[in-house]
Amino acid sequence: MGFTTRVKSEASEKKPFNFALFWDKYGTFFILAIIVAIFGSLSPEYFLTTNNITQIFVQSSVTVLIGMGEFFAILVAGIDLSVGAILALSGMVTAKLMLAGVDPFLAAMIGGVLVGGALGAINGCLVNWTGLHPFIITLGTNAIFRGITLVISDANSVYGFSFDFVNFFAASVIGIPVPVIFSLIVALILWFLTTRMRLGRNIYALGGNKNSAFYSGIDVKFHILVVFIISGVLCRSGRRRLNCTTRCRRTACRYGFETYAIASAIIGGTSFSAARGAFSLW
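Just so we're aligned: the sequence shown equals residues 753 to 1034 in my numbering.
(1) Candidates Ala837, Ser842 and Thr882: which alpha carbon is nearest threonine 893's?
(2) Which residues mark the beginning and the end of the alpha helix (DSSP H) in which aspartate 1035 is found?
(3) Run through DSSP, which three-state label would isoleucine 808 get?
(4) Taking just the CA atoms, how far does glycine 960 sit from glycine 883?
(5) Flag this pair as touching only if the segment 936-952 and the segment 866-873 have three or more C-beta atom pairs under 8 Å; answer yes or no.
(6) So is methionine 820 buried or exposed if we call it buried at 16+ other beta carbons inside 10 Å?
(7) Is it true that the CB of phenylalanine 823 sits closer than 8 Å to the CB of glycine 952?
(8) Could you give the DSSP three-state label for serine 935: helix, strand or coil?
(9) Run through DSSP, which three-state label would proline 929 get?
(10) Threonine 806: which of Glu1010, Gly927, Phe974 and Ser834 sits nearest, CA to CA?
(11) For serine 813, which of helix, strand or coil comes out of DSSP?
(12) Cα separation between valine 854 and serine 905?
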């Protein structure tokens, strides 16, 4: 009885506070809070205004979407350097379809689901078939997709999108901009996928150890393909928001955007060591 009581009392004791673990989990939030406080104190009449904060969220919604796609690529010990090029090419295809008279929402679906997903599938297939690291594959496809964008656009910007489509993504619901709501919905869906579905658990297992995942019955190539398709579709979703707010599609837009996507994923809690990460900021 005495032994049982002692075990229970030891088990009920609280573990000592570990600052390293606490900072590893919540340090990003404190750093961001400090940055906001600094800029807010330097220019409170401009920075800490409702309009400015709303615009920050709206502009960040694109980075959030692309960062969520990059999250999956990094999670399986890879990386996607072609996100900026996918943004450009899928956005240009959508713009051309709109100017050709295709219904704006149908054009967005074709540009988003089909073009973005197809470009992501190309990355996934090349990674599977060649066995090369995604860094090499996506670095190459980045240049290829950029080149195709310049060819189909004649290196010119495209203007004159439908006002109905523009107004939809420029609207707000109970004071919250539609792009922010859209990003939150996507984040919730992907959170559910990674935490409550077998596909998400398999992706985590794949990032931990591909060989172990293979011998446990996980289709490694299929899941790599799915990861890059998700990344491609999310790239197109972000591009749609940019097209709508500017009513212009520029061929030179989003050069180097992959660095923002990678930074977004890392700040959000993803680790380059793979199999570690979550939608902690989304």
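The C-beta atom is built at its ideal place from N, Cα and C for all residues, glycine as well.
Reading from the atomic positions:
(1) Ala837
(2) No answer is possible for residue 1035: it lies beyond the span of the chain, which begins at 753 and ends at 1034.
(3) Of the three classes helix, strand and coil, the one that applies to isoleucine 808 here is helix, per DSSP.
(4) Near 18 Å, if we compare the C-alpha coordinates of glycine 960 and glycine 883.
(5) no
(6) buried
(7) No.
(8) helix
(9) strand
(10) Gly927
(11) helix
(12) Within the model, the alpha-carbon separation for valine 854 versus serine 905 is close to 17 Å.
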